[in-house]
Each structure stands twice: as structure tokens, then as C-alpha cells.
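To start, the structure itself, in C-alpha cells.
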Amino acid sequence: MFSLFLAAVAFSAAFIAPRTAVAFSCDSADGDPTAAARALSDEAFDILGGDGWRRDEGVFHFTHDHDAELAALEETGTNWNGIGNPAMIYARPSFSGGISPVFRLGPSDALVMTFCAPPPSRYFSASTYVWRRRGRVVSATAGNNRVNMLTLRNSTWNHACDAELFMGERCPVFSKPIVLVSTKDELTFERVSEAFLTAGIDEVALNVEELAPDRIMDSDQLTFSFRSAMWPGNDALGEYSKLRWNSVFIARAPRNFRGRLFALKPQPSPSRLMHDERHLQSSLYRRAEQLKRVLVDSGLKYMQTGKISTVNVDRDRCLTSRSYSPFRTGAARQIRIQSACFGETSDCAYGISDLALPDRPFVALFVGVNHVAKKNAMFSNIAAYQSGGATSFISAANVRVVSSVDDRAWGTDLVYAHAFASGGLCRYFAKGWKTACTEVPSNGQESFFITRDYLDPNSATAPNSDEMINPMILYFAS
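With mature numbering (1 follows the signal peptide of the UniProt record, and there is no 0) applied, the sequence shown covers -23 to -1, 1 to 455.
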């Protein structure tokens, strides 16, 4: 239906008075892509403005310094400020002269962003969030559909993909023009698309994020987040992250515009994993028992075996229930995460450790299935969080990432082992081990862990957490 609609729009656009098409290339050899994106955006809005549309201009850029992020990631295994997901960089549009990332949308308004997709990376996606509703921070995704590197229209059927970066049925979109329209109104998307087609964009670059009115109130404060996985050595992504796109605007519909609002679509059921992991369960147990014996013989005291519990996020409950928070489970059950869905991403599977570890010397040994090597996820990581002490019982504002590891550390091994340890205890994992160790600083606070597995390459959705084998955690004391 989507492609039929665009074909109709392209047909109708052909009969509009001809205009000079604006060339928009993401190849720097053709000039500054940000300037080309702005020229295209201006040309499209000139067409909309002739029909009574107004615009609020914005700018789109990454919020963290890429070089500082990499330096911190290499030194400590976490972000420079401990906020967000380690090994991920974030961009968002801001308005009011670049001051505020918060905006509101009327029933037929739209956030319209013209930019280039990142260069080759392990993962990227985008979402509009209900950030605040009636004074309560919600942080829940609002779209009917997922917008990521595999669902964008200019992704292609797999015939020439980089096998190291991708292993599914579709090739991701890299370094291609994108016009992303986030709106509650189907006719608004049609009108904006018609303007951009007339301005000269290729129709394959046009994408919609459907925002169901049943999920978003006109008074809700919204934000938009774009995220991409990063790693040392990806210099092209580093250069991309420094770009500032002033080709962003909120299209305000004319008062007499009569639209056709999108219907609410429920969250789809998880797709079956393409590659079964159950046969690895016995290998996981054998590896755990072997490492347990070695560590006990080395002088550590075995305490108990724990697990990662799946976090099932119901974003519609986040939007309607003041008491619901899916991340208040396992080790975080006592933490009042007032941001409800905690910035969840709809194409990510989350897990949380069952224990919160007091500020005493410990080793937490993870033994699990490498979902990326198994081709059930595009990117995976484990992050150690600290609770923020007593203030965490008031808010999650002081909960911080203090160390992390991602699947690059596990290579192609189908079963991995990785340790998190208090200062000085990584010495138990000397060279020659096939188990790396990440130090967790002592800050007088409890520690717990969150796992993330992004984007099943076969379904372009979150990996099915019910079918994935969650890691075991062996806890030791010195």
C-alpha cells in the first residue's frame, strides 16, 4: 500500500508546474551534503508554504562528542558521562534556536527531517518518544512502525552486503539520502511527500514514522532520538557524527486542512528466531562449571549462580499507568525509575540481573550465547550500572553506567565468558585466559547489570527474548 501511494504521488507530482530539481547527494565529492539537504528542504517547504503550511525550523546533530566518547569507551568501557547506552552515540533535533529538544505536534503536523544515513555501522535506528505527559516523564516510543537500518525504504534485498556487518535478507541503508516524516496524519505524509518529489528527491528516500493519535496527545511533550553503534577505528562514522543538519522543520498544517489520521497498531508479537540457540545450553553449562572450578582453585569464594531476567516492555502501559515501569524488576526492583519506559527502543531486547551487589569486592562472571555470532542480533552489550545510592529511591536520575563490554570482545565464539570485577580482582583473569575482565569502580553504591541485544537481522525487529538463551551469572567474593 505504501509503495502504491508513493507511485500515485509521483504521478500527480509530474503534472505540477515544473521546478528546478535540487540535487541531494551524500557523497562529499559532490559537495557539502548538509547544504544540499537544506536546499532540498527549503525547496520542498516553499511548495508547502504556498498552500498555507508554516514551519518551525530546527537543527539535527549528535549530542555527544564522538572523540570524547571513544576515549572514554577505550579507557573505562563506558560513556564519558555515564548516561545512555555505552558504545552508542545519539543525535536529536532541537528547536527554539537550537535550545530545546522538546516539541509538540498537532493532529496534522509533522516532524520533517532531511539528512544522510550513517556510513557502515553495526546498527542505527530512530524513534519519536513521548517524553513527558501531564508532568510525568514517560520516555516511551510512540510510533506504530519501527524505523531502522533495515526498514527504511532504500534498504535493498541482500545481494551485495558486507558480510562482516550484515547477515540477513536485506542490506542496510548506508550513506543514502533520507527524508523522514513523523506524523499522526496519513494525508500530511502524502502532502509532504508530494512537495519533496516535486523538489527533486528520489521517492525511495521518502519514509514515514506513523504516530498513532491514540498513543499521543496534542499536549504531550515529544522528543526524537537517532542512535548508531560506534567502535574504535570507524573513522567515517566519527566524521559523520560531527555534521549538523539544519534541514529539519516541523510542518504546521493549515487550519482548514482535513487529514486522515493513522489508526493505532498494537505491538507485533516477536518473530521466531531464525537460528535456534537451545543446542548451546549444554555448552554454556559446561563452560560455566569449568570456569567456576578454576576460579575457586585460584582463591575466589563462589557465592551463587544468578541469571539475567528478560525485561518485557509494554510501552502503551508506560503511557497510561503512572505506576508501571518495566525496568523495576530484578536488581532494580527497589529503584523508582520515574521515567517509566526509561528510553526503551522497540527493536532491542533487554535483560536485567537478578541481584544488586553491595559495595564489597566481587566478581560477576557472565557465561552466555553470543547472539551476534549466532546471527540473531546485530549488536549486543552488557553494562554495569550503579544505583546512585539513597537518591535512587527517589529518582533514576543518578543511576549511571560505570563499565561495559560489547560483542566485539567475544569475536566469533558462539558461547562467551566475560567477567566484571571490583578494583584489583581482574588479576584473576590473567593473559592466557579466553575470558576478558572489565573493572567496576567502587563508588560506595550497589551495582547491577543490563543486557541489550539489538535488531534481529532476519526480522528487522527486536530479537525474540523468549527464544534467546539468557546468560548465567556466577558471583564470587575475594
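Idealized CB from N, CA, C, for every residue including glycine.
Assigned exposure category for residue i - 16 Cβ within 10 Å defines buried
i: A396; result: buried
i: A117; result: buried
i: S298; result: exposed
i: P448; result: buried
i: Q281; result: exposed
i: R270; result: exposed
i: Q267; result: exposed
i: G74; result: exposed
i: P154; result: buried
i: N353; result: buried
i: V340; result: buried
i: S224; result: buried
i: R235; result: exposed
i: G320; result: buried
i: R232; result: exposed
i: S5; result: exposed
i: P245; result: exposed
i: V376; result: buried
i: V273; result: exposed
i: S275; result: exposed
Other residues of its chain near residue i: CB distance less than 7 Å, five sequence neighbours each side excluded
i: P338; result: S399, L402, A454 and S455
i: I24; result: A172, T175 and A176
i: residue 496; result: In the structure as shown, the chain starts at -23 and stops at 455, and residue 496 therefore has no counterpart that could be examined.
i: V181; result: R130 and N131
i: P95; result: F101, F151, S205, L214 and Y217
i: W385; result: According to the sequence provided, residue 385 is Arg. The question's Trp does not apply to it. Closer than 7 Å at Cβ, skipping near neighbours: W208.
i: G307; result: S286, I329, S330 and D331
i: D390; result: N347 and A350
i: R32; result: F22, F226, I227, A228 and R229
i: P335; result: E423
i: T200; result: R69, P78, V79, Y106 and W108
i: A309; result: I329 and F425
i: F92; result: A14, F37, I155, W222 and S224
i: W30; result: A228, R229, A230 and P231
i: R111; result: none
i: C295; result: V115, A117, Y301, A317 and C318
Identity of the residues DSSP links to residue i by a beta bridge
i: V379; result: None; V379 has no bridge partner.
i: I66; result: S205
i: N289; result: Bridge partners of N289: none, in fact.
i: M300; result: The sequence as given places Ser at residue 300; Met does not occur at that position. DSSP output for S300 lists no bridge partner at all.
i: Q198; result: R109
i: N125; result: S102
i: Y262; result: According to DSSP, which records beta bridges pairwise, Y262 is partnered with nothing at all.
i: M90; result: L157 and V225
i: S399; result: V417
i: V115; result: For V115, which the question treats as bridged, DSSP gives no partner whatsoever.
i: N358; result: D383 and R429
i: T282; result: L451
i: D162; result: L238
i: C318; result: Answer is none; C318 lacks a bridge partner.
i: I329; result: S286 and I427
i: S5; result: In the DSSP output, where bridge partners are listed per residue, S5 has none listed.
i: C295; result: DSSP output for C295 lists no bridge partner at all.
i: Q363; result: R377 and S424
i: H38; result: R69 and R221
i: N353; result: For N353, which the question treats as bridged, DSSP gives no partner whatsoever.
Nonlocal neighbours in the same chain, by C-beta distance under 8 Å from residue i, ignoring five residues either side
i: S248; result: D433, N435, S436, T438 and N441
i: residue 456; result: With the chain represented from -23 up to 455, any question about residue 456 goes unanswered, as that position is not in the structure.
i: G83; result: D195, R229 and A230
i: N289; result: P303 and S442
i: A413; result: V382, A386, H395, A396 and F406
i: S77; result: S71
i: V124; result: S102, A103, S104, L157, N184 and E186
i: L420; result: In the sequence as displayed, the identity of residue 420 is Asn instead of Leu. Contacts found: D336, Q363 and V379.
i: E254; result: V346, H348, K351, N353, E444, M445 and I446
Distance cut-off 7 Å: residue i Cβ against heavy atoms of the ligand MN
i: A350; result: Ligands in the displayed structure: none, and consequently the ligand MN is not present.
Nonlocal neighbours in the same chain, by C-beta distance under 6 Å from residue i, ignoring five residues either side
i: D387; result: Rather than Asp, the amino acid found at residue 387 in this sequence is Trp. Contacts found: N347 and Y393.
i: A361; result: V379, S380, F397, V417, S424 and F426
i: S357; result: H348, V349, D384 and D430
i: R237; result: E163 and L164
i: F166; result: V158, T160 and V185
i: A119; result: T105, V107, L188, R192 and I193
i: M355; result: R99, Y100, Y431, L432 and P434
(message) With three or more C-beta pairs closer than 8 Å as the rule, is the region 225 to 240 touching the region 78 to 97?
(response) yes
(request) Taking 8 Å as the threshold, find out whether the region 322 to 337 comes into contact with the region 441 to 452 through three or more Cβ pairs. (result) Taking 8 Å as the limit for Cβ pairs, the verdict is that the region 441 to 452 does touch the region 322 to 337.
(message) Contact between the region 104 to 118 and the region 254 to 268 is defined here as three or more beta-carbon pairs at a separation below 8 Å; is this criterion met?
(response) no
(request) List in chain order: all unbroken beta strand (DSSP E) runs of 3+ residues lying wholly within the region 207 to 231. (result) 221 to 229
(request) Could you pull out every unbroken beta strand (DSSP E) segment of at least 3 residues lying fully inside the region 410 to 449, listed in chain order? (result) The region 410 to 449 contains these whole beta strand (DSSP E) runs: 413 to 417 and 424 to 431.
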